[in-house]
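Protein chains in written order, with the working numbering: chain E, 9 to 207; chain V, 147 to 229.
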């Protein structure tokens, strides 16, 4: 996040929001509405639902702004609200499972001495990127809501670990597990598609 | 001799735990990635997922008019629930 001139981190900005200052509301919506919609879509909501969820997130945010103490950045707080709304819609459990099939699959790729038994298929960078562009959306369907959110917040929104952990209300190691499982599922899915459907 | 094994490298790369590594381990990881083509290929593919996701997201960004429309709804509803 650009912290060189971050008006949203200033206490006076929160005071303006609490006073329902229309300019402040406008600034906040302008800054974060596209991010919220993108993240909700990344989490698997259809476009209309993602837009509605982003809208409801702001409504809740303005309803609850008086109770927001400002201990975290306002963006982190808004993403936390978005996350809970997405979970309600996806009826997803809030925490990653103890076991995930991808762990077993990854384990099978290594020998007991820790070196690759089945290394990744080598791929030309441009060709791989073309595969990602083409199949990412479909491959995301095999990834849980939590894993998708962690992936999108990190990769698309560029949020740092601390911010994602606060928004999702999880610890650093849990975030590592979400990213590890999500990325490996995506990579495996892309590899399967490029091997079986090499076009 | 490589201290880090490929299994650990894949875990560090895909979980973003690299940022928490000490200087020595980080150096070890860089050396491993330079020497092991399987791990460097794996790491490039993990990075490629992020690059691709950003491209897809950019392509699908909401139109400005649509964003204005949603903002108007938000402001309207906020003002109606004003105290």
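Cβ coordinates follow ideal geometry from the N, Cα and C atoms, glycine included.
Only a predicted model underlies this, so the values are computations on that prediction, with no experimental measurement involved.
Under the Cβ distance rule, residue 174 of chain V does not count among the residues neighbouring chain E, no pair being separated by less than 8 Å. The continuous alpha helix (DSSP H) containing residue 187 of chain V extends over residues 183-205. Contact note: residue 201 of chain V reaches chain E through 141, using a C-beta cutoff of 7 Å and chain order.
DSSP places residue 76 of chain E in the coil class of the three-state scheme, outside both helix and strand. When Cβ-Cβ separations below 8 Å define contact, residue 82 of chain E makes no contact with chain V. Ranked by Cα distance from residue 199 of chain V, the options E/136, E/80, E/28, E/176 are led by E/136.
At a cut-off of 8 Å, the C-beta of residue 178 of chain V has no neighbouring C-beta in chain E. Under DSSP, residue 118 of chain E takes part in a beta bridge, and its partners are E/124.
Under the Cβ criterion of 8 Å, residue 48 of chain E is not counted among the residues facing chain V. In terms of beta-carbon proximity, residue 196 of chain V lines the interface with chain E, with at least one pair separated by less than 8 Å. The straight-line gap separating the alpha-carbon atoms of residue 188 of chain V and residue 41 of chain E is approximately 34 Å.
Rounded to the nearest whole angstrom, the C-alpha separation of residue 193 of chain V and residue 162 of chain V is 11 Å. Contact annotation for residue 59 of chain E against chain V: 216 [CB-CB distance below 7 Å, chain order]. Setting aside the 5 residues that flank it on each side, residue 142 of chain E has no residue in the same chain whose C-beta is closer than 6 Å to its C-beta. Chain E has a Cβ within less than 8 Å of the Cβ of residue 213 of chain V. Sequence-distant Cβ neighbours of residue 151 of chain V in its own chain, meaning closer than 6 Å and more than five residues away, do not exist here.
The C-alpha of residue 176 of chain E lies about 12 Å from the C-alpha of residue 93 of chain E. When the five nearest sequence neighbours on each side are left out, the beta carbons in the same chain lying within less than 7 Å of the beta carbon of residue 125 of chain E are those of 117, 118, 119, in order along the chain. Within chain V, the residues 160, 192, 195 have their CB atoms less than 8 Å from the CB of residue 191 of chain E, given in chain order.
Exclusion of the five residues before and after residue 170 of chain V leaves no residue of its chain whose Cβ lies closer than 6 Å to its Cβ.
Look at residue 171 of chain V here: in three-state DSSP terms it is helix.
For the 8 Å CB-CB criterion, residue 162 of chain E and residue 51 of chain E do not form a contact. Measuring C-alpha to C-alpha distances from residue 159 of chain E to each of E/56, E/134, E/49, E/67 identifies E/49 as the nearest. The Cβ neighbour count for residue 72 of chain E, taken over all protein chains shown within 10 Å, is under 16; the residue is labelled exposed. Ranking E/97, E/165, E/171, E/123 by CA distance to the CA of residue 184 of chain V puts E/123 first.
For residue 163 of chain V, a Cβ of chain E is located within less than 8 Å of the residue's own Cβ. Inclusion of residue 175 of chain V and residue 167 of chain V in the CB contact set at 8 Å is warranted, their separation being smaller than that value.
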